[in-house]
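Participant: Heads up: the sequence shown is residues -20 to -1, 1 to 502, going by mature numbering (1 follows the signal peptide of the UniProt record, and there is no 0).
For every residue, glycine included, the Cβ atom is placed at its ideal position computed from N, Cα and C.
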Amino acid sequence: MKLSSCLLSALVSLSTYVSASGTSDVADLSTKSTEEFNKFIEEHPLVLAKFFAPWCGHCKRLAPEYEIAATELKDQNIALVEVDCEQNQALCAEHKIQGYPTLYVFKSLDSKSQYQGGRTAEDIVKYMKKELLPSSTKVTEENLEEFKSQGPVSVIGFTNDKESNATFTAVSDALHHEYNVGFSNDAEFAKSLGVSSFPALVVLSDFLDTPSVYDAESAGEDFDFNQDNLALAVIRASIAPAGEIAPETFRAYMTSKLPLGYIFYTTPEERETYEKAILSFAKEVKDKLSIGLIDASKFGSHAGNLNLEENFPAFSIHDMEKNRKFPLLDKEFSIENVIEFVKDFVAGKVEPNLKSDPVPESQDGPVYTVVGLNYNEIVFDDDKDVLLEIYAPWCGHCKQLAPTYEELGALYFNNDEFKDKVVVAKVDHPSNEIDIQIEGYPTIMLFPAGKKDEPITYKGARNLEALNDFIRDNGAHKIDGIAASKKAAPKAKKAKKSKRSKKAGKKAKKEAKKAENTNDEL
């Protein structure tokens, strides 16, 4: 049988990227340039790319499953590739890789979506085979009910130009594994669903009384028909008011970027009572925050993360974007008090409950101690470059870094010229809440003077020279602590010698005076 020229080209291309051993069906692109990576994507109709680090435990567990999936999918003309981010930092930075492993599905250079499936070979194969199918279907008034019956959440994109059509295609590629996705350009059909203008997005769900519409009228001046906004609109509309907070639903709550109100219940009877009592109100405020119910018998320990005691029933709001907690503490738990509390929260009348160690009475050491209560005061001092280590007391890597970090702080703290320009600081993260989301300890970030809203995460070696260079190259004051320290050393030596001479002179005078007094006494 004769292979098509396209398929033959893809197979030949794939054969040039196999591992050195020649036994892997995963193409290793770790040493390839951006241009070579892009060329590979262009030559293959469907690619799953794994960005990983060799030291990452999750990556090591995924590796054999990924190999099995690659072997099973190669006859489907689906290429599985990998990029070692330790070897190719530039390519990983270009794709904004923040954690490992990160997997992306490419249908072209313009069609890229994050892989959201499981991490077994079976999961990967099933997910990627579905990627071969159309990500959306045409919806009409006539087939609408049949379309809706295919899942609890249905999404319809209404587009009438090339640009909006391309945008919605990218959205459907990203979402069709989780949602029922369709498209239409019928203006009358759109109007019947509440759409006022094109382009638009409509979400229909089993738990919403009316369609959720995202168009120029509903979004107002914030309207922008781009992939991020559309995906966010779908996620928010798909969250059930007074739904269950559980592992399988938590990702949607997190990615919605809305605060989440937790109602902790202890029995099925409590849950039913609370759901009925809060449902109507939860629908009213669903665009401001989500309200969900969580089983305290399974997830009661999570109360501590929300600054609550494990005393149930209970309620707390978590603003995950700002990492701020708002527990209901000053009144006893009741749905009436929860509703009143949420109204005050939406109105901006509730202050966050901040977990913090006591503020140190003084900062006498070379490394400043940051706690929750002085975080803004120290880190957001706009006149200073502030390097912040976010650590945990039990972290072995943090303990190894400690002496080097102290030495780094001393470069600036012991220099009268620089101590008011550069601050080296640390914060015990488990004990102090701050507005930073991190992935592990230690996390080191530089907050440059004048650019506090643009912190830079340190990714380099944890030695004195590398950390010093990071501050010098990225700080607003461009101070080289090591160079300044070396320059100051001869002066300090000379000053020390002069000090010894003066001290010797004073001692001689004192001895002479003593002798004089002694003589007087004699």
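Jot down the residue ranges of each uninterrupted alpha helix (DSSP H) in the stretch 167 to 210, minimum 4 residues, whole runs only, in chain order.
Facilitator: The stretch 167 to 210 contains these whole alpha helix (DSSP H) runs: 167 to 172 and 196 to 199.
Participant: Mind checking which residues open and close the beta strand (DSSP E) that includes proline 227?
Facilitator: Looking at the DSSP string, proline 227 is not in any beta strand (DSSP E); the run it does join, the alpha helix (DSSP H), is 227 to 235.
Participant: Evaluate serine 296 with the Cβ neighbour count: other Cβ atoms within 10 Å of its Cβ, from every protein chain shown; 16 or more gives buried, anything less gives exposed.
Facilitator: Looking at its Cβ environment, which holds 16 or more other Cβ atoms inside 10 Å, serine 296 is buried.
Participant: Does the stretch 243 to 250 touch the stretch 181 to 197, meaning 3 or more C-beta pairs lie closer than 8 Å?
Facilitator: Contact between the stretch 181 to 197 and the stretch 243 to 250 is absent, because fewer than three Cβ pairs lie under 8 Å.
Participant: For the structure I just gave you, are there three or more beta carbon pairs, one from the stretch 211 to 231 and one from the stretch 257 to 276, closer than 8 Å?
Facilitator: Yes: the two stretches touch, three or more of their Cβ pairs being nearer than 8 Å.
Participant: DSSP state of arginine 452, grouped into three classes?
Facilitator: DSSP places arginine 452 in helix when its eight states are reduced to three.
Participant: Any idea if asparagine 291 is buried or exposed, counting beta-carbon neighbours within 10 angstroms, 16 or more meaning buried?
Facilitator: Classification for asparagine 291: exposed.
Participant: Given leucine 391, which residues of its chain have a CB within under 6 Å of its CB, disregarding the five upstream and five downstream residues?
Facilitator: Taken in chain order, the residues that qualify are Gly461 and Ser465.
Participant: Is the separation between the beta-carbon of phenylalanine 169 and that of threonine 100 shorter than 8 Å?
Facilitator: No.
Participant: Among Leu273, Pro410 and Glu201, whose alpha-carbon lies nearest the alpha-carbon of alanine 226?
Facilitator: Per the Cα distances, Leu273.
Participant: Sort Ala213, Glu197, Glu369 and Ile48 by Cα distance to threonine 3 and report the nearest one.
Facilitator: That would be Ile48, whose Cα lies nearest to the Cα of threonine 3.
Participant: Check glycine 461 in the structure and name its three-state DSSP category.
Facilitator: Looking at glycine 461 - three-state DSSP - the assignment turns out to be helix.
Participant: Whether or not the stretch 378 to 389 and the stretch 345 to 361 are in contact is what I'm after, with contact meaning three or more pairs of Cβ atoms, one per stretch, closer than 8 Å; do they touch?
Facilitator: Contact between the stretch 345 to 361 and the stretch 378 to 389 is present, because at least three Cβ pairs lie under 8 Å.
Participant: Ignoring anything shorter than 4 residues, give me the alpha helix (DSSP H) runs that lie fully in the stretch 138 to 166, in order along the chain.
Facilitator: Counting whole runs of 4 or more residues, the stretch 138 to 166 contains the alpha helix (DSSP H) stretches 142 to 155.
Participant: Starting from arginine 41, trace the alpha helix (DSSP H) in both directions and tell me its first and last residue.
Facilitator: Residues 37 to 53.
Participant: For serine 281, count neighbouring Cβ atoms within 10 angstroms of its own Cβ and tell me buried if that reaches 16, exposed if not.
Facilitator: It counts as exposed.
Participant: Looking only at its own chain, which residues have a Cβ that is under 6 Å from the Cβ of lysine 479, when we skip the five neighbours before and after it?
Facilitator: The predicted model places lysine 479 with a pLDDT of 48, which falls under 50 and marks its position as unreliable, so this point remains unresolved.
Participant: Quick one: residues in its chain with C-beta nearer than 7 Å to the C-beta of leucine 184, no 5 flanking neighbours on either side, listed in chain order?
Facilitator: Cβ within range, chain order: Lys128, Ser134 and Pro191.
Participant: Between Tyr80, Leu42, Leu181 and Ser115, which has its C-alpha nearest lysine 87's C-alpha?
Facilitator: For the residues Tyr80, Leu42, Leu181 and Ser115, the minimum Cα distance to lysine 87 belongs to Ser115.
Participant: Thinking C-alpha only, which one of Ser13, Gln67 and His24 is nearest tryptophan 35?
Facilitator: Looking at the Cα atoms, Gln67 is the closest of the given residues.
Participant: Count the other CB atoms, across all protein chains shown, that sit within 10 Å of the CB of proline 383; report buried if there are 16 or more and exposed otherwise.
Facilitator: Proline 383 should be labelled exposed.
Participant: Please report the distance separating the alpha-carbon of aspartate 267 from that of leucine 210.
Facilitator: Approximately 15 Å between the Cα atoms of the pair.
Participant: Answer yes if the stretch 45 to 60 comes into contact with the stretch 103 to 110, meaning at least three C-beta pairs across the two stretches below 8 Å, and no otherwise.
Facilitator: The answer is yes - the stretch 45 to 60 touches the stretch 103 to 110, with three or more Cβ pairs under 8 Å.
Participant: Return the chain-ordered list of same chain residues with a C-beta closer than 6 Å to the C-beta of asparagine 165, the five sequence neighbours on each side being excluded.
Facilitator: Here the set comprises Asn140.
Participant: At 3 residues or longer, and completely inside the stretch 281 to 362: list those beta strand (DSSP E) runs for me, N to C.
Facilitator: Listed in chain order, the complete beta strand (DSSP E) runs (minimum 3 residues) inside the stretch 281 to 362 are 294 to 299, 304 to 307 and 348 to 350.
Participant: Give me the Cα-Cα distance between proline 293 and histidine 409, rounded to the nearest whole angstrom.
Facilitator: About 28 Å.
Participant: Consult DSSP for glutamate 22 and reduce its assignment to one of helix, strand or coil.
Facilitator: In this structure, glutamate 22 counts as helix in the three-state DSSP scheme.
Participant: Measure the C-alpha to C-alpha separation of lysine 379 and alanine 372 and round it to an integer number of angstroms.
Facilitator: Rounded to whole angstroms, lysine 379 to alanine 372 spans 9 Å at the Cα level.
Participant: Would you report the Cα separation of leucine 26 and valine 407, rounded to the nearest angstrom?
Facilitator: Leucine 26 and valine 407: Cα-Cα distance of roughly 45 Å.
Participant: Throw me the rounded Cβ distance for the tyrosine 245 and aspartate 275 pair, which I believe falls under 8 Å.
Facilitator: The Cβ separation is near 7 Å, so the contact holds.
Participant: When DSSP labels each residue in this structure, what does leucine 259 get in the three-state scheme?
Facilitator: DSSP places leucine 259 in helix when its eight states are reduced to three.
Participant: Would you kindly report the start and end of the unbroken alpha helix (DSSP H) that includes aspartate 103?
Facilitator: Start and end: 101 to 111.
Participant: Only counting runs of 4 or more residues, tell me where the alpha helix (DSSP H) segments fall wholly within the stretch 405 to 457, in order along the chain.
Facilitator: Within the stretch 405 to 457, the complete alpha helix (DSSP H) runs of at least 4 residues are 444 to 454.
Participant: So, helix, strand or coil for valine 6, using DSSP?
Facilitator: Residue state, collapsed to three classes: coil.
Participant: In this structure, does DSSP put threonine 14 in helix, strand or coil?
Facilitator: Correct three-state label for threonine 14: helix.
Participant: Hey, is the stretch 9 to 19 in contact with the stretch 55 to 71, meaning 3+ C-beta pairs nearer than 8 Å?
Facilitator: Touching, yes, given that three or more Cβ pairs across the two stretches are closer than 8 Å.
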